[in-house]
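In the working numbering, the protein residues as written are 1 to 410.
Worksheet for the structure shown next.
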Amino acid sequence: MSSTTTYDVHAIRSEFPILERKVKGKPLVYLDNAATSQKPKQVIEAIAHYYSHYNANIHRGLHTLADEATAAFEASRVAVQHFIQAKHHEEIIFTKGTTESINLIANAWGNTFLQAGDEIIISSLEHHANIVPWQMIAEKKGAQIKVIPIDANGVIDLDAFKKLLSNKTKMVSIVHASNALGVINPVNEIIKLAHQQGALVMIDGAQSAVHLDINVQELDCDFFAFSGHKIYGPTGIGILYGKKDLLESIPPYQGGGEMIKEVTFEKTTYNELPFKFEAGTPNIADAIALKHAIDFINSIGKASIRMHEETLLNYANDQLKQIPGLHIKGDVENKVSVVSFVIDGIHPQDLAVLLDNQGIAVRTGNHCAQPLMQCLGIVGTTRVSFAAYNTKEEIDILIVALNKSIKMLK
Ligand code: C6P
Numbered sequence: 001m002s003s004t005t006t007y008d009v010h011a012i013r014s015e016f017p018i019l020e021r022k023v024k025g026k027p028l029v030y031l032d033n034a035a036t037s038q039k040p041k042q043v044i045e046a047i048a049h050y051y052s053h054y055n056a057n058i059h060r061g062l063h064t065l066a067d068e069a070t071a072a073f074e075a076s077r078v079a080v081q082h083f084i085q086a087k088h089h090e091e092i093i094f095t096k097g098t099t100e101s102i103n104l105i106a107n108a109w110g111n112t113f114l115q116a117g118d119e120i121i122i123s124s125l126e127h128h129a130n131i132v133p134w135q136m137i138a139e140k141k142g143a144q145i146k147v148i149p150i151d152a153n154g155v156i157d158l159d160a161f162k163k164l165l166s167n168k169t170k171m172v173s174i175v176h177a178s179n180a181l182g183v184i185n186p187v188n189e190i191i192k193l194a195h196q197q198g199a200l201v202m203i204d205g206a207q208s209a210v211h212l213d214i215n216v217q218e219l220d221c222d223f224f225a226f227s228g229h230k231i232y233g234p235t236g237i238g239i240l241y242g243k244k245d246l247l248e249s250i251p252p253y254q255g256g257g258e259m260i261k262e263v264t265f266e267k268t269t270y271n272e273l274p275f276k277f278e279a280g281t282p283n284i285a286d287a288i289a290l291k292h293a294i295d296f297i298n299s300i301g302k303a304s305i306r307m308h309e310e311t312l313l314n315y316a317n318d319q320l321k322q323i324p325g326l327h328i329k330g331d332v333e334n335k336v337s338v339v340s341f342v343i344d345g346i347h348p349q350d351l352a353v354l355l356d357n358q359g360i361a362v363r364t365g366n367h368c369a370q371p372l373m374q375c376l377g378i379v380g381t382t383r384v385s386f387a388a389y390n391t392k393e394e395i396d397i398l399i400v401a402l403n404k405s406i407k408m409l410k
């Protein structure tokens, strides 16, 4: 579907079998897409087709099934390359997800290149996956973590960032779009400033890859991480992008099969990219299915999906703001389709239970961003997040259910 044709949300919904189910006797209203998106038929069928027709290990066998599986696996790598507009397919490393991608760089790069006294800059908006791996390696190497502050809306303080940067800064690892608030960070500027100081930049794209056009060459980021399951793909598969020369300079993360060129008991030489970072049998089925998720997105067009999601976001914002005592956190223009809010006198967990009773799935709590919640002075929020298949009617159902729940809880 091109952006000029009408957006047929009902046709899109029909691609997602799960959207037909009921929860607690009510039609499912799935508004927890930032946690994981639902999967279209073509992704589900790609997994079944692989196991039913050409299940084999890859890059090793000299038989038809192995050839077919290898070709499909490598075709998926190329699809990911185009999805984020990387220069070389070898720059695409398959991992388990964003978490593993960040851990890979924190460990493999950090162990080799970090020294005592070096600094790593992150922001107050980070998910734990972009905090803890850096803390672990910093502790091991005697490096320091510096944190960019934010304002009450979750907007990064760029002046403070400029002041934190110094010749001690070796890595800036920053979330592209906050999972807890939806706020999009000014990554272009952050990358430029960091590079002027000679620091590398890792972008946590877990929440941006599905919503924004990603061009890693234009961004000029050094590393970019995202998860398949948040872009309509399967769980257990994710991506680490890295600039080729940098990945070549970093030693392997794990040892085993596939990542080697030659092994003797005395010495091992390592395989070339991307295999150097893909030790052992990878998650073949889910890597293959990831291409089908990308094909699904491309068949509608990211721009069309974004426009649809923005309409939903604006509508939800307007409707939610009419509820007395409800406060939106991260209420800014530049955000992905996530609305996070608190309601005076109501604990988010209580609200989630009542919404679930009405068939509505939202996420509540700290969203794996405890330091952010501390910065905002709250225990957590209720988070509603939209995908290509959500509708205005679902927002209406949410608003009715919210009003009903608030009455019950007050
Ligand atoms: N956020 C959420 O509900 P994994 O678990 O490796 O696929 O992704 C981790 C991760 C890293 N960074 C950001 C910005 C994220 O949003 C996530 C996952 C989910 O918000 C689950 S906690």
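In this text, a Cβ means the ideal position worked out from N, Cα and C, and glycines have one as well.
As the structure is a computational prediction, the values presented were derived from the model and not from experiment.
Please classify residue i as buried or exposed, where buried requires at least 16 neighbouring CB atoms within 10 angstroms.
i	result
Ser-299	exposed
Arg-21	exposed
Val-263	exposed
Thr-6	exposed
Leu-62	exposed
Arg-77	buried
Gly-142	exposed
Thr-112	exposed
Thr-4	Note on Thr-4: pLDDT 49, under 50, position unreliable in the model; the coordinate value appears next. With fewer than 16 Cβ atoms within 10 Å of its Cβ, Thr-4 is classed as exposed.
Thr-95	buried
Pro-40	buried
Thr-281	exposed
Thr-411	Here the chain comprises residues numbered 1 to 410, so residue 411 is not present and cannot be evaluated.
Ser-2	Note that Ser-2 scores a pLDDT of 45, beneath 50, so its modelled location is shaky; the value from the coordinates is reported in the next line. Label assigned to Ser-2: exposed.
Ser-227	buried
Thr-169	buried
Met-408	exposed
Helix, strand or coil for residue i, going by three-state DSSP, please let me know.
i	result
Lys-244	helix
Arg-60	coil
Arg-13	helix
Pro-371	helix
Lys-392	helix
Tyr-50	helix
Ser-2	Only weak support is given to the placement of Ser-2: the predicted model assigns it a pLDDT of 45, under 50, and the value that follows is read from those uncertain coordinates. Here Ser-2 sits in coil by DSSP.
Leu-348	A small correction: the amino acid at residue 348 is Pro; Leu does not occupy that position in the sequence shown. Correct three-state label for Pro-348: helix.
Lys-449	Outside the shown range of the chain, which is 1 to 410, sits residue 449, and nothing can be said about it.
Lys-302	helix
Thr-36	coil
Ala-293	helix
Gly-110	helix
Gly-257	coil
Tyr-7	coil
Lys-25	Note on residue identity: the sequence assigns Gly, not Lys, to residue 25. DSSP places Gly-25 in coil when its eight states are reduced to three.
Lys-87	coil
Lys-410	coil
Residues bridged to residue i by DSSP?
i	result
Val-175	Asp-204
Arg-363	Arg-383
Leu-326	Ile-343
Lys-335	Val-183
Ala-69	Paired residue(s): none; Ala-69 is not in a bridge.
Val-210	For Val-210, which the question treats as bridged, DSSP gives no partner whatsoever.
Leu-269	Here the sequence assigns Thr to residue 269, which means Leu is not the residue at that position. Partner(s): Glu-262.
Thr-95	Gly-238
Tyr-30	Ala-361
Ser-227	Gly-238
Between residue i and the ligand C6P, is there a pair consisting of the residue's CB and a ligand heavy atom that are separated by less than 8 angstroms?
i	result
Ala-293	no
Ser-123	no
Ala-34	yes
His-367	yes
Arg-13	no
Lys-96	yes
Ala-316	no
Ala-289	no
Ser-337	no
Ser-227	yes
Val-175	yes
Gly-238	yes
Thr-382	no
His-127	yes
Ser-178	yes
Thr-364	no
Asp-204	yes
What I want to know is whether the C-beta of residue i ends up closer than 8 angstroms to one or more non-hydrogen atoms of the ligand GTP.
i	result
Asn-130	The model on display carries the ligand C6P but not the ligand GTP.
Go through the region 114-168 residue by residue and report every complete run of the beta strand (DSSP E) that reaches 3 residues or more, in order. 119-123, 144-148
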